[in-house]
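The structure under discussion appears below in the form of structure tokens.
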Amino acid sequence: MSLEVDETFQCNLLIIRVENRIFRAPRELFEMYSEVFKDMFSLPKVEDGQSEGESDDKPLFLDGILKDDFHAFLTALSAFDYESTVKDTKGRKETLENDGFPLYGGMNKERWIAVLRLSHLWNFEGVRLKAIEALVKEPALVHLERLKLAREFLIED
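Just add 14 to the spot in the sequence shown (first one is 1) and you have this note's numbering.
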């Protein structure tokens with residue numbers, strides 16, 4: 015009997031190394047929300063058949079990124095994807111939040127700034143807008159910090 019792959023519940027893991035930590039995340043999230051990664055993944059495969067990011071032995075290495083910042087970014091990206099997926103089914107989102115699993119749980123000012131920086135760097139526009147939305151509501155962000163972030167990350171208003 016031959017097996018068939020379910021198209022809905024199928025994902026390819028992207029193996030990413032940041033500092034000394036390995037992350038495994040759905041590659042589709044990177045392709046769907048970032049033109050930078052989508053373009054990178056469309057490049058021809060290397061001759062040995064295994065591209066960066068396909069195994070622990072050959073992870074996609076993100077140099078110059080802090081592992082805690084990348085963890086915050088993946089937290090926001092995953093929540094953003096879930097939120098985008100259930101936009102039309104509001105009740106499910108509220109249920110998830112009421113069950114003690116807030117979509118953006120554990121996010122603070124520093125983590126949102128990291129998300130803003132990485133989403134700006136890699137052109138994850140939806141995640142970038144979510145970070146801006148969160149930082150606008152952040153009471154711990156003083157006026158001078160807001161101006162600095164706006165200038166650095168090309169934020170208008």
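Idealized CB from N, CA, C, for every residue including glycine.
Same chain, Cβ closer than 6 angstroms to residue i, five either side skipped, listed in chain order
i, result
"Glu42", "Cys25"
"Val141", "Ala90, Leu91, Phe94 and Ser133"
"Lys59", "Ser65"
"Glu152", "Lys123"
Cβ neighbours of residue i in the same chain (closer than 7 angstroms, five flanking residues each side left out)
i, result
"Phe44", "Leu28 and Phe51"
"Leu155", "Lys123 and Leu149"
"Thr191", "In the structure as shown, the chain begins at 15 and stops at 171. Residue 191 is therefore absent and cannot be evaluated."
"Gly114", "Residue confidence for Gly114 is low, a pLDDT of 48 falling below 50, so the modelled location carries little weight; the figure read from the coordinates is stated next. Correct list: empty, nothing qualifies."
Residue i versus the options, residue with shortest Cα-Cα distance
i, options, result
"Phe193", "Ser48, Ser65 and Pro73", "Within the shown structure, residues of the chain are numbered from 15 to 171, placing residue 193 beyond reach of any answer."
"Asp83", "Arg125, Leu158, Glu66 and Asp70", "Arg125"
"Asp77", "Gly63, Ala39, Asn34 and Arg165", "Asn34"
"Glu147", "Ile127, Lys162 and Arg165", "Ile127"
"Lys81", "Lys151, Phe37 and His157", "Phe37"
"Ile79", "His157, Leu135, Ala145 and Ala39", "Leu135"
"Val32", "Gly119, His85 and Gly120", "His85"
"Ala39", "Ser69, Glu159 and Leu168", "Ser69"
Delimiting residues of the beta strand (DSSP E) encompassing residue i
i, result
"Phe37", "Arg35 to Pro40"
"Leu27", "Leu27 to Val32"
Limits of the unbroken alpha helix (DSSP H) element including residue i
i, result
"Ile127", "Lys123 to Trp136"
"Val141", "Glu139 to Val150"
"Lys162", "His157 to Glu166"
"Thr99", "Lys81 to Thr99"
Cutoff 8 angstroms; reference residue i; Cβ partners in own chain excluding five residues on either side
i, result
"Glu66", "Lys72, Pro73, Leu74 and Phe75"
"Asn112", "Bear in mind that the predicted position of Asn112 carries a pLDDT of just 43, short of 50, making it unreliable; the figure below should be weighed with that in mind. Excluding sequence neighbours, Asn112 sits near nothing in its chain."
Integer-rounded CB distance, given that residue j should sit under 8 angstroms from residue i
i, j, result
"Leu163", "Leu130", "7 angstroms"
- Take every Cβ of the stretch 85-98, pair it with every Cβ of the stretch 51-58, and state whether three or more of those distances are shorter than 8 angstroms. By the Cβ criterion, the stretch 85-98 is not in contact with the stretch 51-58, since fewer than three pairs of Cβ atoms, one from each stretch, lie closer than 8 angstroms.
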